[in-house]
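Heads up: take any position in the sequence shown, counting from 1, add 46, and you land on the numbering used here. Let me begin by presenting the structure, written as structure tokens, before commenting on it.
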Amino acid sequence: MYKLMLILIISFAFIFAAMQIQAGIKDTKHNLSSSGPGTIKATTETQICVFCHTPHAASTAGPLWNHSLSTYNYTVSDPPGLLGSQLSTPVTGGSRVDYGSKLCLSCHDGTVALGLLYNKPGSGLGSGAVTGLDIKMPGIPGAAGSPNLGTDISSTHLVSIEYNQYLVDDKNASASDFRWKSPSDPSWTAAGNKIKLRPTGATYKGPPNTGKGVQCASCHDPHSSTYPMFMVVDYRANNANLCEFCHY
Ligand code: HEC
Ligand code: HEC
Ligand code: HEC
Ligand code: HEC
């Protein structure tokens with residue numbers, strides 16, 4: 047009986063979380079279903095989550111991940127002298143972009159059709175593109191303001207970089223005006239903080255000692271319509287809310 051109640055409570059909690067996500071995403075450009083507010087959307091498919099997640103036959107690349115991954119090796123520019131040899135990250139395909147950032151780039155690098163899924167909605171359909179979305183991300187790759195970041199992401203803020211004390215100490219020892227916040231600073235875990243270090247296999251000096259660093263989802267929440275551009279905080283009101291959380 048208690049077990050059953052526990053299961054019920056847990057499933058309600060999950061459904062509640064999913065309902066909140068659905069409420070947040072519905073009015074955003076990430077609603078690629080036919081009810082989406084943007085111009086890029088499916089002809090008839092009504093499910094919202096399916097373009098990124100599936101309960102079955104999911105890829106292990108991310109949480110129940112459903113969108114076909116890109117096979118591209120990205121061009122990234124690591125700051126001179128700092129990363130390079132210290133970043134020993136053999137990521138599949140030779141690219142050093144990993145984990146959550148690969149999920150975003152599966153649509154945002156402009157090489158994969160937006161509706162190309164591992165598990166198409168409907169039973170037994172297997173992989174394929176949803177009708178109306180057999181198109182790639184529009185926009186000039188890498189141009190300012192373009193949703194198509196392209197495959198040269200050297201003009202995007204670094205992602206897939208471990209954020210550890212070595213990095214912070216190296217940065218703070220340099221002549222820069224900026225200070226870097228320690229990964230053990232209590233503000234990371236403070237209630238209400240939305241800026242999170244996310245999983246990465248990248249290392250900064252020696253073996254990874256945190257397993258966490260900066261990924262797209264440190265700054266963006268793909269489900270949220272709270273702030274423009276899926277930002278996790280009100281960055282436009284004051285960019286200190288975001289940038290100066292890490293370097294101030
Ligand atoms: C446009 C793509 C996209 C859509 C659509 C989408 N998600 Fe996600 N979701 C993601 C990505 C990317 C992550 C992983 C974020 C990370 O950790 O980097 C994620 C993570 C999650 C997680 C793990 C917890 C978390 O927030 O990290 C849950 C639960 C989830 N999504 C639920 C949903 C539900 C429910 C829907 C539909 C209402 C949905 N998502 C629609 C992209 C999407
Ligand atoms: C399934 C494909 C898909 C995935 C996965 C995806 N996006 Fe998007 N994203 C889109 C589409 C489509 C648009 C709308 C482009 C347009 O209208 O020109 C968009 C728009 C955006 C925008 C601009 C929003 C605006 O209001 O103009 C941002 C920022 C963004 N995505 C960030 C992300 C991040 C960060 C992730 C991963 C956490 C992600 N996206 C994952 C498809 C995707
Ligand atoms: C350090 C924080 C940070 C990281 C990391 C980050 N972004 Fe952004 N991103 C921003 C900010 C800030 C904007 C501009 C928001 C605005 O216009 O108000 C933006 C804008 C965008 C846009 C809108 C188009 C444009 O170029 O203005 C897209 C799409 C996008 N980001 C996707 C991504 C993806 C995909 C990743 C991971 C590869 C990523 N971002 C990593 C902070 C970040
Ligand atoms: C979650 C923490 C985090 C946030 C938030 C963040 N950054 Fe960064 N930033 C980093 C890390 C980590 C690096 C890469 C370290 C390196 O250069 O070796 C970096 C590098 C940089 C660099 C290159 C500096 C250098 O010394 O190499 C600039 C410039 C920068 N960020 C600006 C921004 C801006 C602007 C924002 C807000 C839109 C922002 N950052 C938000 C963590 C963050």
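For glycine and all other residues, C-beta sits at the position ideal for the given N, C-alpha and C.
For SER264, the three-state secondary structure derived from DSSP is helix.
Boundaries of the alpha helix (DSSP H) around GLN211: 211-219. The beta-carbon separation of GLN68 and TYR145, rounded to 24 Å, does not stay under the 8 Å limit for a contact.
Inter-residue distance for THR256 and GLU208 is about 7 Å (C-alpha atoms, whole angstroms). Contact annotation: ASN112 and VAL96 have beta-carbon atoms nearer than 8 Å. Counting along the chain, SER152 sits inside the alpha helix (DSSP H) bounded by residues 146-154.
In chain order, the residues positioned with their C-beta nearer than 7 Å to some heavy atom of ligand 2 are THR74, LYS75, HIS76, LEU78, GLY84, THR85, ILE86, PHE97, CYS98, HIS113, GLY146, LEU149, CYS150, SER152, CYS153, HIS154, LEU160, MET183, PRO184, GLY185, PRO193, CYS262, ALA263, HIS266, PRO268, PRO274, MET275, PHE276. Between LEU115 and LYS217, the alpha-carbon positions lie close to 34 Å from each other. Excluding its 5 nearest sequence neighbours in each direction, GLY196 has C-beta neighbours in its own chain below 7 Å: ASP155, GLY156, PRO187, GLY188, listed in chain order. Cβ contact annotation for HIS99 (same chain, cutoff 6 Å, sequence separation greater than five): LEU110, ASN112, in chain order.
Secondary structure note for PHE291: its alpha helix (DSSP H) is the uninterrupted segment 289-292. Straight-line spacing of the CA atoms in ASP280 and PRO83 works out to 22 Å. By the beta-carbon neighbour count (other beta carbons within 10 angstroms, threshold 16), GLU91 is buried. Distance check between SER81 and each of THR106, TYR120, GLY178, ASP198 places GLY178 closest, using alpha-carbon atoms only. Closest option to ASN239, judged by alpha-carbon separation, among GLY70, CYS292, TYR164, TYR118: CYS292.
Nearest C-alpha to ALA263 among LEU171, PRO184, PRO245, ALA103: PRO245. Buried is the label assigned to ILE71, since at least 16 other Cβ atoms lie within 10 Å of its Cβ. When secondary structure is reduced to three states using DSSP, PRO245 falls in the strand class.
Residue side-chain check: GLY82 keeps its Cβ at 7 Å or more from all non-hydrogen atoms of ligand 1.
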